[in-house]
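Read the structure below first, then the notes.
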Amino acid sequence: MTKQPERIFIKGNEAIARGALAAQCKCFFGYPITPQNDIPEFLSKAMIDAGGDFVQAESEVAAANMVLGAGAAGIRAMTSSSSPGISLKQEAISYMAGSEIPAVVVNMTRGGPGLGDIGPAQGDYYQSTRGGGHGDYRLFVLAPGTVQEGYDMTIQAFDIAFRYRTPVMILGDAILGQMKEPIVPWTPENVDPEPGAAWCMNGKTPDREKRLIKSLFLEEGALAGQNKKLMAKYKAWQDLVEYEAFETEDADLIVCAFGSIGRIAKSTVRSLRAAGHKVGLFRPKTLFPFPSAPLLEMAKQGKRFLTIEHNLGQMVDDVRLAIRTVADSDFFPVLPGNLPTPDEFEEPILNCLEGK
Amino acid sequence: MSEMQEKLVFDRPEVVIDRPTHYCPGCHHGVAHRLVGELLEEMELVDRTLLVTSIGCSVFLYNYLNVDAVEAPHGRAPAVATGVKRARPDNFVFAYQGDGDLASIGMAEIMHAANRGERIAVVFVNNTVYGMTGGQMAPTTLIGQKTTTCPAGRCREHEGMPIKMTEILSTLGGVAFAARGSLNSVKNIRKAKKYLRKAFECQTKGLGFGFVELLSACPTNWKMTPVAANERIEKEMIPYFPLGVYKDATEEGGAC
Chain X
-6 MTKQPERIFI KGNEAIARGA LAAQCKCFFG YPITPQNDIP EFLSKAMIDA GGDFVQAESE
54 VAAANMVLGA GAAGIRAMTS SSSPGISLKQ EAISYMAGSE IPAVVVNMTR GGPGLGDIGP
114 AQGDYYQSTR GGGHGDYRLF VLAPGTVQEG YDMTIQAFDI AFRYRTPVMI LGDAILGQMK
174 EPIVPWTPEN VDPEPGAAWC MNGKTPDREK RLIKSLFLEE GALAGQNKKL MAKYKAWQDL
234 VEYEAFETED ADLIVCAFGS IGRIAKSTVR SLRAAGHKVG LFRPKTLFPF PSAPLLEMAK
294 QGKRFLTIEH NLGQMVDDVR LAIRTVADSD FFPVLPGNLP TPDEFEEPIL NCLEGK
Chain F
28 MSEMQEKLVF DRPEVVIDRP THYCPGCHHG VAHRLVGELL EEMELVDRTL LVTSIGCSVF
88 LYNYLNVDAV EAPHGRAPAV ATGVKRARPD NFVFAYQGDG DLASIGMAEI MHAANRGERI
148 AVVFVNNTVY GMTGGQMAPT TLIGQKTTTC PAGRCREHEG MPIKMTEILS TLGGVAFAAR
208 GSLNSVKNIR KAKKYLRKAF ECQTKGLGFG FVELLSACPT NWKMTPVAAN ERIEKEMIPY
268 FPLGVYKDAT EEGGAC
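Here the protein sequences line up with chains X and F, keeping their order.
Quick note on numbering: the first sequence equals residues -6 to 349 in this note's numbering.
Quick note on numbering: the second sequence equals residues 28 to 283 in this note's numbering.
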């Protein structure tokens, strides 16, 4: 990587947009929705300046299908939205998963269900990690917890999308999108200038077979074969799990939290540690694949678990699945409409630590 | 007759793959496919062509044309084609859609791709019925026409009037060419090919969005013989969906 010398002070949304440019994303298709509008606003100029293209689509549905078309043509393309808009994009996401079309989809989540509110929440965890659209598929889901990670993970998302021919989701939230932090931008080396050239549609020449990108498999056994291929792909992703383990080594209690809540919980853990409490933080950076193995290791050491999420309890299912043979996890919900402070997590953590 | 006495006057374009189609007897998709194939060769576009197919009987166009292709979700072909064209502006991009696909679920996508003046062509096959799903009412189903979801016949008070897509699209600023042809007679087929050529030229000349509606038969779902289906196009469809060029920005003077 080429480190650029200066630090820049930017919003999480802008970091994601800049990360896409650094990853040589050439097409952005979007539709306005709060709290992610900084991304299309920034890219409406920057993407054109970088020699790519930008379209404000007529709907989230259309934007995601434009990404499908550009991805099928082997070009790095991205769309971004927030919770209700992501529901509309699910049609194209399912088709992209079935057709093995690479793309990056950003979800800066807000409160739901329905129109909900425009404040932060993590209610889309199930939708992101269980497919979201129709059919049997998974998304690769990255969950940044800092503005720098928003930048880094966007670059990483394009690499994974093209390496595995799959849509990749970046699951942020309104906190991350709207807060400003200094980051160190960098530019990846060796980005394939003609990504996916061996499979994508770019015009059939006489020396090769035509290329067909589709998710319809009618012949007997064909869909089973395709889904088996997808299953193998998802299994291979297990090698790509990422997580942050903070003060976990000698901890009696592990707090499991992701994204912005993970970052806030880290502050709580830090202050409780200073007060002599043996607590640690486990923050998954990949939500699918979920880092189950390291959690199980911790469970086998006899640690207890508390999952904190900005929802009614979703990731806690994955935590429980990971440790189910030896332990369980308590759960503390953060309800939408609030930006929690580290202090608010102290009581539930101490209660759990004391086995209350 | 000996071989010496035969003279080949009509051959298959190479880009049209030599295989039997899945279409019903009397269906006009095969004719539309052939016209497209002939033009891709005549206009030397084969190597550059990227095809977007949608849902319904016509999704399988990708099995019959020897070009790169992608399958769009139901109604979304103009959005997918927008993405393809923006990603690869030097390629020739066209979408192929039926009436249920384009005029119902895909209404937003066709209107906005056309209005943006996307440098793509859309071939719109209108047979006034949902074919593959078994003959349900389409937005283009004629008043009085019986389908499985309007068994007493489409009624204006209950279902509204059949939508005239070419007329609507011709009013949009981004459209460079919009015409309605028909595939029910040799004369009309020849004219339809001229329309398709103009629509394709809109893209190769960078003029804007090219659109051709093709009135077509669905004898199976109309419960008619192929001959009677052709007659229905002439007597019932053309009077409501008049043929001709509705917009032409390809040259001064307009009409082909």
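Each residue gets a CB set at the ideal place from its N, CA and C atoms; glycine is no exception.
query: Candidates X/28, X/20, X/31, X/114, of which the one nearest residue 110 of chain F by Cα; result: X/20
query: Test: residue 67 of chain X CB closer than 9 Å to a CB of chain F; result: yes
query: Within 8 Å of chain X by C-beta, residues of the region 222 to 248 of chain F in sequence order; result: none
query: Interfacial residues, the region 117 to 128 of chain F to chain X, with Cβ spacing under 7 Å; result: 118
query: Contact between the region 52 to 66 of chain X and the region 75 to 82 of chain X (3+ Cβ pairs under 8 Å); result: yes
query: is_contact[residue 83 of chain F, chain X] using C-beta, thresh 9 Å; result: no
query: Nearest neighbour of residue 205 of chain X, chosen from X/325, X/292, X/221, X/66 [CA to CA]; result: X/66
query: For residue 238 of chain X, the residue or residues it bridges with in DSSP; result: X/275
query: Residue 140 of chain X, DSSP secondary structure in three states; result: helix
query: Terminal residues of the beta strand (DSSP E) in which residue 326 of chain X lies; result: 322 to 326
query: Secondary structure of residue 349 of chain X, DSSP reduced to three states; result: coil
query: With 16 other Cβ atoms within 10 Å as the buried cut-off, status of residue 128 of chain F; result: buried
query: Residue 34 of chain F in three-state terms, based on DSSP; result: coil
query: Bounding residues of the beta strand (DSSP E) (the contiguous stretch that carries residue 237 of chain F); result: 236 to 242
query: Residue 98 of chain F: first and last residue of the uninterrupted beta strand (DSSP E) it sits in; result: 95 to 98
query: Same chain, Cβ closer than 7 Å to residue 260 of chain F, five either side skipped, listed in chain order; result: 209, 211, 242, 244
query: Within chain X, the residues that residue 196 of chain F reaches when beta carbons sit closer than 7 Å; result: The contacting residues do not exist; residue 196 of chain F stays about 15 Å from chain X at best.
query: Neighbour flag for residue 73 of chain F against chain X, beta carbons, 9 Å; result: yes
query: Cβ-based neighbour list, residue 281 of chain F, same chain, cut-off 6 Å, excluding 5 preceding and 5 following; result: Any reading at residue 281 of chain F is ruled out, since the residue's pLDDT is 43, under 50, leaving its predicted position unreliable.
query: Proximity below 9 Å, CB of residue 160 of chain X to CB of residue 90 of chain X; result: yes
query: Nonlocal neighbours in the same chain, by C-beta distance under 6 Å from residue 287 of chain X, ignoring five residues either side; result: none
query: Within chain F, partners of residue 92 of chain X - CB distance below 8 Å; result: 97, 98
query: Start-end ranges of the alpha helix (DSSP H) lying completely within the region 184 to 257 of chain F, minimum 4 residues; result: 192 to 196, 213 to 231, 246 to 249
query: Buried/exposed call for residue 344 of chain X, threshold 16 Cβ in 10 Å; result: exposed
query: Beta carbon proximity, residue 199 of chain X to chain F, threshold 9 Å; result: yes
query: Nearest-angstrom Cα separation, counted from residue 309 of chain X out to residue 301 of chain X; result: 8 Å
query: Closest by C-alpha distance to residue 180 of chain X, when choosing among X/4, X/2, X/8; result: X/8
query: Spatial neighbours of residue 157 of chain F in its chain, beta-carbon cut-off 6 Å, leaving aside the 5 residues before and after; result: 127, 163, 165
query: Whole-number beta carbon distance between residue 113 of chain X and residue 260 of chain X, since they are thought to touch under 8 Å; result: The pair is not a contact, with the Cβ atoms about 16 Å apart (cut-off 8 Å).
query: Residue 164 of chain X versus X/278, X/305, X/24, X/31, residue with shortest Cα-Cα distance; result: X/278
query: Neighbourhood of residue 23 of chain F by C-beta distance below 7 Å, restricted to the same chain and skipping five residues each side; result: This structure cannot settle anything about residue 23 of chain F, because the visible part of chain F is limited to 28 through 283.
query: Residue 248 of chain X vs residue 272 of chain X beta-carbon contact at 9 Å; result: yes
query: Partner residues on chain X for residue 139 of chain F, Cβ-Cβ distance less than 8 Å; result: 50, 51, 55
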